[in-house]
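Q: This structure is in structure tokens; I'll ask about it shortly.
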Amino acid sequence: MTALGGLLKGDSLRARAVRGSGLTAISFAAGQALRLASNLILTRLLFPEAFGILALVMAVLQGLIMLSDVGITPSILQSRRGDDPAFLNTAWTVQVVRGFLLWGAAVALAGPLAQFYDEPMLAAYLPVAALVLPIMGFRPTRHDTANRHLRLGRLTALDLVSQVVGIGAAIGLALWLRSPWALIISTVLGAVVHLALVSLFLPGPRNRLQIERSALLEIVTFGKWVFLSTMAGFLLSQGDKIVLGRYLPLDVFGIYNIGYFLASFALLLGQMVVTRVLIPIYRERPPRESAANFAALRKMRVLVTAALLAALLAVAFLGPWIVELLYDPRYLAAGGVVTLLAAMQVPQIVGLTYSQAALAAGDSRRFFVAVASQAALMLAGLTIGFELAGLVGALFAQGAGVLLAYPVLVWLARRQGAWDPAHDAGFLVLGGLLAAAALWVNWQAVAALLQAAQ
Numbered sequence: 253m254t255a256l257g258g259l260l261k262g263d264s265l266r267a268r269a270v271r272g273s274g275l276t277a278i279s280f281a282a283g284q285a286l287r288l289a290s291n292l293i294l295t296r297l298l299f300p301e302a303f304g305i306l307a308l309v310m311a312v313l314q315g316l317i318m319l320s321d322v323g324i325t326p327s328i329l330q331s332r333r334g335d336d337p338a339f340l341n342t343a344w345t346v347q348v349v350r351g352f353l354l355w356g357a358a359v360a361l362a363g364p365l366a367q368f369y370d371e372p373m374l375a376a377y378l379p380v381a382a383l384v385l386p387i388m389g390f391r392p393t394r395h396d397t398a399n400r401h402l403r404l405g406r407l408t409a410l411d412l413v414s415q416v417v418g419i420g421a422a423i424g425l426a427l428w429l430r431s432p433w434a435l436i437i438s439t440v441l442g443a444v445v446h447l448a449l450v451s452l453f454l455p456g457p458r459n460r461l462q463i464e465r466s467a468l469l470e471i472v473t474f475g476k477w478v479f480l481s482t483m484a485g486f487l488l489s490q491g492d493k494i495v496l497g498r499y500l501p502l503d504v505f506g507i508y509n510i511g512y513f514l515a516s517f518a519l520l521l522g523q524m525v526v527t528r529v530l531i532p533i534y535r536e537r538p539p540r541e542s543a544a545n546f547a548a549l550r551k552m553r554v555l556v557t558a559a560l561l562a563a564l565l566a567v568a569f570l571g572p573w574i575v576e577l578l579y580d581p582r583y584l585a586a587g588g589v590v591t592l593l594a595a596m597q598v599p600q601i602v603g604l605t606y607s608q609a610a611l612a613a614g615d616s617r618r619f620f621v622a623v624a625s626q627a628a629l630m631l632a633g634l635t636i637g638f639e640l641a642g643l644v645g646a647l648f649a650q651g652a653g654v655l656l657a658y659p660v661l662v663w664l665a666r667r668q669g670a671w672d673p674a675h676d677a678g679f680l681v682l683g684g685l686l687a688a689a690a691l692w693v694n695w696q697a698v699a700a701l702l703q704a705a706q
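Take the sequence shown: its position 315, counting from 1, is numbered 567 in the numbering used here, and each next residue is one higher.
Structure, rendered in structure tokens:
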């Protein structure tokens, strides 16, 4: 009990890491529960094409964000000057300017993208939805400072409150408008509420417009590889939507995104945990400095991987049943998507904890190489698989592409002294066998997906 109390109340790195991981998991689980509840309501108020349109809009916005990311948040998390007001003000100023530039780019792209996807209303939806970009640009760096020091309690609460407001707005607007505008407007309202809450309730000095040359140089020097990494990261996280949104009918694409929402729970949770928690841990306890550091990271890595794989494979086995239980018959084909996607995400889960070691050490170049390799192989697999066997082939090949990128992750992890071959081999074999079993059990749902996508 004394040890537990120390972890809950202490200020050591271990205590903050445990609390940070727990709060991140609680925040993500609560957020996903809220999204699921709203999803169940909204799928009954709106039509599948509405979710396909929203997926296209969000993919474009994510692309603009990631294709212009200069690594402001990672710079604050890893820099020795991460608590210096001049450094923080410079980072915030860059962030504000970037937000307005991105909104202008979204407005300019709206018409051409509407023609490319053969969806005329995209020209109206995109400029409105893109208002979230300048709003996000004004987010104070106190948000990143809380993350830097693993003080995530209040930040978690504020994130959840803003989600509740955004979801409530989406449901109310859907009842009123019965159109995709409900999803677009509620996204903007959620961003406004989040900015207001963070500005009012997170402690710390307020930001002001300022450019300090040395701070700007440090951000740009570190961020040039982060910029390239996020370009690759965009393809890794949104490549499926770019390719499938071009070839699938909007109703099938909407069903795919319902399945993606359910299947990606474990992967998105893992990404949140490693981003929020691992950079500070790797920064303060580099694994190559001592065997004790490596052993402590091994324990954490085993626990994180085991928990994430358990959640992922549970969804893989139960996906079709969950979809049948929760959604109306229009969305039943999403069950096969859930099983397939969850099975193909096993390699990503196993290698998830390595890349942050490079960022924590300031080695953004190797981080870029790792992300770019995963993105290139995944996107190639996705495209070739779709050409050969449609949607099901694309999803199988997507997982194979990520697995082929594993040697690059090993190269990065060995450089930082973080590679753990016993961990990887054990979990890849166990996860692969259970994923194959899930596909065998649910093959009827996968076959139904194949038929629906033709």
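Heads up, the beta-carbon is just placed ideally off N, CA and C, and yes, glycines get one too. None of the values given here were measured: they were computed from a predicted structure.
1. Tell me whether glycine 283 sits in a helix, a strand or coil according to DSSP, three-state version.
2. Any contact between the region 553-568 and the region 500-509? By contact I mean 3 or more CB pairs, one from each, below 8 Å.
3. Could you round the C-beta distance between alanine 610 and glutamine 668 to whole angstroms and report it? I think they count as a contact, below 8 Å.
4. Within a Cβ cutoff of 6 Å, which residues of the same chain sit near valine 440, ignoring the five residues on either side of it in sequence?
5. Hey, how far is the Cα of methionine 373 from the Cα of proline 432?
6. Distance, Cα to Cα, alanine 409 vs valine 416?
7. Could you tell me whether the Cβ atoms of glutamine 600 and valine 654 are closer together than 7 Å?
8. Which whole runs of the alpha helix (DSSP H) in the region 413-473 are 4 residues long or more, in chain order?
9. Rounded to whole angstroms, what's the CA-CA distance from threonine 254 to tryptophan 663? Just pull it up for me.
10. Classify arginine 498 as helix, strand or coil using the three-state DSSP reduction.
11. Counting pairs of beta carbons, one from the region 333-353 and one from the region 297-307, are three or more of them closer than 8 Å?
12. Using three-state DSSP, classify tryptophan 355 as helix, strand or coil.
13. To the nearest angstrom, how far is it from the Cα of glycine 424 to the Cα of tyrosine 508?
14. For the region 620-627 against the region 684-699, do three or more pairs of beta-carbon atoms, one drawn from each stretch, fall closer than 8 Å, so that the two count as touching?
15. Could you pull out every residue in the same chain whose Cβ sits closer than 7 Å to the Cβ of asparagine 459, ignoring the five residues on either side in sequence?
16. Of all the options Ala426, Ser290, Ala484 and Pro538, which has the alpha carbon lying nearest to the alpha carbon of alanine 632?
17. What are the boundary residues of the alpha helix (DSSP H) that includes aspartate 676?
18. Helix, strand or coil for glutamine 668 per DSSP?
19. Following the continuous alpha helix (DSSP H) through aspartate 589, name the residue where it begins and the one where it ends.
20. Is glycine 637 buried or exposed, if buried means 16 or more other CB atoms sit within 10 Å of its CB?
21. Between which residues of its own chain and leucine 593 is the CB-CB distance below 8 Å, once the five residues before and five after are set aside?
22. Determine the burial state of alanine 289: buried for a count of at least 16 other Cβ atoms within 10 Å of its Cβ, exposed for fewer.
23. Since glutamine 347 and glycine 283 are thought to touch, with beta carbons under 8 Å apart, how far apart are those beta carbons, to the nearest angstrom?
24. Taking the alpha helix (DSSP H) that arginine 400 falls in, what are its first and last residues?
25. Rounded to the nearest angstrom, how far is the Cβ of glycine 645 from that of methionine 596, given a contact under 8 Å?
26. Determine the burial state of leucine 435: buried for a count of at least 16 other Cβ atoms within 10 Å of its Cβ, exposed for fewer.
27. Rounded to whole angstroms, what is the Cα-Cα separation between alanine 376 and alanine 362?
28. Tell me where the alpha helix (DSSP H) around alanine 381 begins and ends.
29. Buried or exposed for glutamine 367, going by 16 or more other Cβ atoms inside 10 Å?
30. Express the C-alpha separation of valine 445 and tryptophan 692 in angstroms, rounding to a whole number.
31. Of the choices Arg406, Val526 and Thr397, whose alpha-carbon is the least far from that of alanine 333?
32. Measure from the alpha carbon of valine 598 to the alpha carbon of each residue in Phe619, Pro572 and Leu561, then state which is nearest.
33. For proline 581, which three-state DSSP category applies?
34. Using 10 angstroms around the beta-carbon of alanine 699, count the other beta-carbons present and answer buried if the total reaches 16, otherwise exposed.
35. Can you tell me where the alpha helix (DSSP H) with glycine 522 in it begins and where it stops?
36. Since leucine 298 and alanine 426 should fall inside the 8 Å C-beta cutoff, what is the C-beta to C-beta distance between them, to a whole number of angstroms?
A: In short, the structure shows the following:
1. Three-state DSSP puts glycine 283 in a helix.
2. no
3. 6 Å
4. If we look at valine 440 and ignore the five residues flanking it on each side, its Cβ neighbours are Leu383 and Val384.
5. 10 Å
6. Each residue's alpha carbon lies about 11 Å from the other.
7. The answer is yes: Cβ separation under 7 Å.
8. Every alpha helix (DSSP H) of 4 residues or more that sits fully in the region 413-473 is shown, in chain order, as 433-453.
9. With a pLDDT of 49 at threonine 254, under the threshold of 50, the modelled position of this residue cannot be trusted; read the value that follows with caution. Approximately 41 Å between the Cα atoms of the pair.
10. helix
11. The region 333-353, when compared against the region 297-307, does not touch it at the 8 Å Cβ threshold.
12. Helix at tryptophan 355.
13. 25 Å
14. no
15. Leu340, Asn341, Trp344, Pro392 and Thr393
16. Ala484
17. 673-693
18. Reduced to three states, the DSSP call for glutamine 668 is coil.
19. The sequence shown places valine at residue 589, rather than the aspartate named in the question. Unbroken alpha helix (DSSP H) run through valine 589: 586-596.
20. buried
21. Gly511, Tyr512, Ala515, Ser516 and Leu647
22. exposed
23. Contact flag wrong, Cβ pair sits at about 23 Å.
24. 394-400
25. Not quite, the Cβ-Cβ distance comes to about 12 Å (not below 8 Å), so this is no contact.
26. buried
27. Going by the C-alpha atoms only, they are around 7 Å apart.
28. 374-381
29. exposed
30. So the two alpha carbons sit approximately 45 Å from each other.
31. According to the sequence shown, residue 333 is arginine rather than alanine. Out of Arg406, Val526 and Thr397, Thr397 has the C-alpha closest to the C-alpha of arginine 333.
32. Leu561
33. helix
34. By the neighbour-count criterion, in which 16 or more other beta carbons inside 10 Å mark a residue as buried, alanine 699 falls on the exposed side.
35. 517-525 is the extent of the alpha helix (DSSP H) around glycine 522.
36. 6 Å
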